[in-house]
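If you're matching positions, the sequence shown starts at 5 in our numbering and goes up one per residue. Here a beta-carbon is modelled for each residue, glycine too, at the ideal position from N, C-alpha and C. Fair warning: this is a prediction, and the values are worked out from it, not measured in the lab. See structure below.
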Amino acid sequence: MTFRILAATLLLSLAPLGHAAITGIDLSSYRLTRTMSIGASMLPNGSESSAITYNSVARTLFVIDDEGVAISQFTTAGAFVNRMQLSGFGVAATGDPEGLTYIGNSQFVIAAERALTLYRVTFDPTTTPDRLALPSVVLAVPPVGNIGIEGVSFDPRDGSFVTVKEKTPIQINRNVVTFSVPGVSPGSAVVTSLFDPALLGPLDDLADVQVLSTVPGLSGTPAADQLLLLSQESRRLLHTTRSGQVLGSLDLTGIATSAEGVTIDENGVIYVTDETPNIYVFEPTVVPVPGAALLLLSGLGFLGLARRRR
Numbered sequence: 005m006t007f008r009i010l011a012a013t014l015l016l017s018l019a020p021l022g023h024a025a026i027t028g029i030d031l032s033s034y035r036l037t038r039t040m041s042i043g044a045s046m047l048p049n050g051s052e053s054s055a056i057t058y059n060s061v062a063r064t065l066f067v068i069d070d071e072g073v074a075i076s077q078f079t080t081a082g083a084f085v086n087r088m089q090l091s092g093f094g095v096a097a098t099g100d101p102e103g104l105t106y107i108g109n110s111q112f113v114i115a116a117e118r119a120l121t122l123y124r125v126t127f128d129p130t131t132t133p134d135r136l137a138l139p140s141v142v143l144a145v146p147p148v149g150n151i152g153i154e155g156v157s158f159d160p161r162d163g164s165f166v167t168v169k170e171k172t173p174i175q176i177n178r179n180v181v182t183f184s185v186p187g188v189s190p191g192s193a194v195v196t197s198l199f200d201p202a203l204l205g206p207l208d209d210l211a212d213v214q215v216l217s218t219v220p221g222l223s224g225t226p227a228a229d230q231l232l233l234l235s236q237e238s239r240r241l242l243h244t245t246r247s248g249q250v251l252g253s254l255d256l257t258g259i260a261t262s263a264e265g266v267t268i269d270e271n272g273v274i275y276v277t278d279e280t281p282n283i284y285v286f287e288p289t290v291v292p293v294p295g296a297a298l299l300l301l302s303g304l305g306f307l308g309l310a311r312r313r314r
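And the structure:
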């Protein structure tokens, strides 16, 4: 009886350790495990989703729609939680939200494609923020039409942002920004190219970017300085360095034909959203077992052997 109780205790103690061991990303090990339809919870009903981000504090997903109507919150199981409606993002020339990233303290940054502008907003479902009243920063001289900023990702290590421009030309940039104080001071940005997109090979576009420094298990490793890059038209998710070396890729053919956004949680689970709108969940097929877990398993085996010899 004592052995069975100890065995159960040891096995239960292993449960939360599997994902915590993540020390790198290998896209070749990832498989689609779930598809979550969120259209019924979007405003207007069935609206296209444009971007997705993970809130590591709430451990939930946030999606912004293509019309700029609202930011909606979902659990990682796809259940609707709540939403915050937006004002002023529906005008294509100045709104057109295509990127969304969580920056901490219930704050998010929205990337407006055509205006090449980032807007900082605090998520509060009881409010309806007006775009014109939000802290903002222009990253380049608009207009560029419907081929501007498609994705943005916040790097918590230094407060910078990585953005991608869709096409003509494709760009992957690092942005060090100061947001405006509405009515007081303008914003400013220092924008530098990370690498020549030609290094990625043939790509028709880029739809989003996710820095990997948001994954705690990667902190202090080379992987923390790497990126996930999503191409809608080429139907691929790329894993790259910040110098343009492709480390791996995930083929989305037959899964998502209109992928718009990508994010990752602390366990290394990858979430892709598309225009339908769905959220596709990708998980590695093999989860490394932490050293502590191996010790527990070894101890369990030893106890079992000793019990048989008695």
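How would you call residue i, buried or exposed, if buried means at least 16 neighbouring beta carbons within 10 angstroms?
| i | result |
| --- | --- |
| Pro133 | buried |
| Asp255 | exposed |
| Val125 | buried |
| Ser76 | buried |
| Phe158 | buried |
| Phe84 | exposed |
| Asp100 | buried |
| Arg87 | buried |
Classify residue i as helix, strand or coil using the three-state DSSP reduction.
| i | result |
| --- | --- |
| Ser33 | helix |
| Arg135 | helix |
| Ala144 | coil |
| Gly103 | strand |
| Ala62 | coil |
| Ala44 | helix |
| Ile151 | coil |
| Pro288 | strand |
| Gln111 | strand |
| Leu254 | strand |
Report the rounded CA-to-CA distance for residue i versus residue j, giving the unit in angstroms.
| i | j | result |
| --- | --- | --- |
| Gln89 | Ile68 | 10 Å |
| Ile56 | Gly221 | 21 Å |
| Pro160 | Val145 | 26 Å |
| Ser54 | Gly224 | 31 Å |
| Phe339 | Ile151 | The structure shown does not extend to residue 339, since the chain spans only 5 to 314, so no value can be given for it. |
| Gly163 | Leu36 | 31 Å |
| Ile174 | Val148 | 12 Å |
| Ile283 | Val195 | 31 Å |
| Leu242 | Ser110 | 29 Å |
**OP:** Within the stretch 172 to 239, note down every full beta strand (DSSP E) run reaching 3 residues or more, in order along the chain.
**Re:** 175 to 182, 192 to 197, 212 to 215 and 231 to 235
Original post:
How do the stretch 247 to 259 and the stretch 192 to 205 stand: do at least 3 beta-carbon pairs fall below 8 Å, yes or no?
Top reply: yes
Original post:
Taking contact to mean at least 3 C-beta pairs separated by less than 8 Å, is the stretch 172 to 189 in contact with the stretch 139 to 157?
Top reply: yes
Original post:
Any chance the stretch 42 to 55 sits against the stretch 232 to 239, with 3 or more Cβ pairs inside 8 Å?
Top reply: no
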